[in-house]
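Take a look at the structure set out below.
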Amino acid sequence: MKFWRFKKKWIEAVLAFAMTAVLAGCAWQGTAISEEGGLLTKTQVEEDRKQAIQYVEDVHPFFELEEDQSEYKEAKKAYISQTQSGMTVWEFWGATAEYMSSLRDAHTRIQDPGGIKVLDIPASYENGKSYLWENGKRTGLYVEKVGGVDVEKIYEKIDKMIVAENAAAEEQNREKYLAVNTILKFCGAVSKNDQVEVEFSDGTKRIYSFMEVGRSTEEVTNNCFTEGDIFVVDFNTCEVDQKLEEIAVKLEEAVENGCTKVIIDVRGNPGGDSNACLRILEALGMREPYYGSVIRFSKEAKEQGGVPIDHGIIETKGSTLMAKANEDVQLIVLSDHITFSSATMLCVWVRDGKLGKIVGEPSTNKPNSYGDILMFQLENSGLVMSVSYKKFTRPDSSNNEDMLVPDVQTSSEDAYDKAVELLNRQ
């Protein structure tokens, strides 16, 4: 894992909530949070806390499906205890983030605060430590303190505030959020003039500056190209549009004309509409296995999700029986830690349906995961939260692993070259 991935991937991550809202067809505008402003009274805090808990408990399938709810109950108890007095919106956001993180559902979360900044530390998280990079290479030095705070304390706060569905997500969160101002502020790290002192394992200390993180104006789109006899789909977003249809038609024509090697690249793809994935598989002459689901009905799901009733649950079982590979096509799908939601679903279809191979990094999204969100805005703080009302269960119901491990594990950067190498051996 190279340190230069940090900034690019972290920017993608902090925009994840906004992207999720857009993908859900939501026009909500959340409150930009400052550390100093937005004071809530005790009554306002209690009202928003009760509202947040009600939304979560009335909507999320967790409460109908999970026998062990001890972690959630402890988090709820702590949340109530922490929100017994007036506080800033910033402080309330932190308490709410910890509460919602206990569900271990990356689709269910409170909006990220505004004013995000990140220290320009060239570091990567490996084997429990954040190693410094210099001249394009990892050194033996690792971070011990940031702003006077032990790194282990910062990791603990990250684990509590940032949702992790599996071990890959926990590692990725620790890498991404170690240098983020919101986390460091809650840990009590000292900063001056947007600069922070970082202490390393050899006792040396260096000063690093915060960088502003803005929304990228670069348009995210899908593309395709050929490399030799390999057809490559650069699948960056699961969006059904004219561009996707053009790619699908080209792919169909290539397969009909004898193309036998295909790469679908979903590295960095945050998801969207799973029908986009189905269209690509259809173009390959393949049929996906059937994903199961559990839908929890509620008043909120009826209003926003269009479900027919306002209470109860309905479950459908997954199945691999309908899956169909194209024996004439060797398919490789590239994944990494940013691959999420519908893009992860594509990887699961390929794995459970035996449609091809996966190369790259494990997804931070569980193969059996919650999703399809409803959006809510808290009355006093103006904070926006998303809550899942479905659980998707993989076609191979016998497999309950937390993490989809690629057939060939390699770094995100090396995945494409590795896939080309594998296909050229054939």
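Throughout the sequence shown, residue numbering follows mature numbering (1 follows the signal peptide of the UniProt record, and there is no 0), covering -24 to -1, 1 to 402 in sequence.
Where a beta carbon is used, it is the ideal one built from N, C-alpha and C, also for glycine.
Note that the structure is a prediction, hence the values are computed from the model and not measured.
- Between Gly268 and Ser373, the C-beta spacing is below 9 Å.
- Residue state for Leu160 is assigned as helix, using DSSP reduced to three classes.
- Contact between the segment 247 to 261 and the segment 277 to 284 is absent: fewer than 3 CB-CB pairs across the two stretches fall below 8 Å.
- Of all C-beta pairs linking the segment 257 to 266 to the segment 292 to 308, three or more are shorter than 8 Å, placing the two stretches in contact.
- Distance from the Cα of Val209 is smallest, within the candidate group Ser311, Lys129, Phe316 and Leu354, for Ser311.
- Taking 9 Å as the cut-off, the Cβ atoms of Ser57 and Val119 do not count as close.
- Here DSSP, grouped into helix, strand and coil, assigns Ser388 to helix.
- Tyr48 and Glu222 have their C-alpha atoms some 46 Å from each other.
- Of all alpha-carbon atoms in Lys161, Ala155 and Arg272, the one lying nearest the alpha-carbon of Ile183 is that of Ala155.
- In terms of CA proximity to Ala28, Tyr75 leads the group Tyr75, Gln60, Leu227 and Asp44.
- Secondary structure at Ala144: helix, using DSSP grouped into helix, strand and coil.
- Listed in chain order, the non-local C-beta contacts of Tyr346 below 6 Å within the same chain comprise Asp81, His83, Ser364 and Lys367, local neighbours out to five positions each way being set aside.
- A distance below 7 Å between beta-carbons, with the five flanking residues on each side excluded, links Lys226 to the following residues of its chain, in chain order: Cys200.
- According to the DSSP assignment, Asn251 belongs to the alpha helix (DSSP H) that extends over Ser250 to Ala259.
- Setting aside the 5 residues that flank it on each side, Gly164 is surrounded in the same chain by Val125, each with a C-beta closer than 7 Å to its C-beta; the list follows chain order.
- Going by C-alpha positions, Lys136 is about 44 Å away from Asn302.
- Bridge pairing for Met187: Val94 [DSSP].
- In this structure, DSSP gives Tyr153 a helical state, which the three-state scheme calls helix.
- Rounded to the nearest angstrom, the gap between the Cα atoms of Gly261 and Ile134 is 44 Å.
- In the DSSP assignment, Met298 falls outside any alpha helix (DSSP H) and carries neither an H nor an E.
- Put simply, the backbone Cα of Val326 is about 21 Å away from that of Ala145.
- A distance below 8 Å between beta-carbons, with the five flanking residues on each side excluded, links Leu254 to the following residues of its chain, in chain order: Glu264.
- Following the DSSP letters along the chain, one finds Leu310 inside the beta strand (DSSP E) bounded by residues Gln306 to Ser311.
- Following the DSSP letters along the chain, one finds Thr115 inside the beta strand (DSSP E) bounded by residues Lys113 to Val122.
- Ala395 is not a Cβ neighbour of Glu337, given a cutoff of 9 Å.
- Per DSSP, reduced to three states, the secondary structure at Asn376 is coil, with no helix or strand assignment.
- A straight line joining the alpha-carbon of Val172 with that of Ala140 spans about 27 Å.
- Under the DSSP assignment, Ile314 falls outside any beta strand (DSSP E); it carries neither an H nor an E label.
- For Asp383, there is no enclosing beta strand (DSSP E), as DSSP gives it neither H nor E.
- In the structure shown, the three-state DSSP call for Arg401 is helix.
- The segment 328 to 343 makes contact with the segment 374 to 391; the number of CB pairs closer than 8 Å reaches 3 or more.
- Relative to the Cα of Asp96, the nearest Cα in the group Leu359, Glu188, Tyr131 and Val32 belongs to Glu188.
- The Cβ atoms of Thr158 and Val242 do not sit closer than 9 Å to each other.
- In the assembly as shown, Glu147 is a buried residue. Its beta-carbon has 16 or more other beta-carbons within 10 Å.
- In the DSSP assignment, Leu350 falls outside any alpha helix (DSSP H) and within the unbroken beta strand (DSSP E) covering Ser345 to Gln353.
- Rounded to the nearest whole angstrom, the CA to CA distance from Lys152 to Asn233 is 44 Å.
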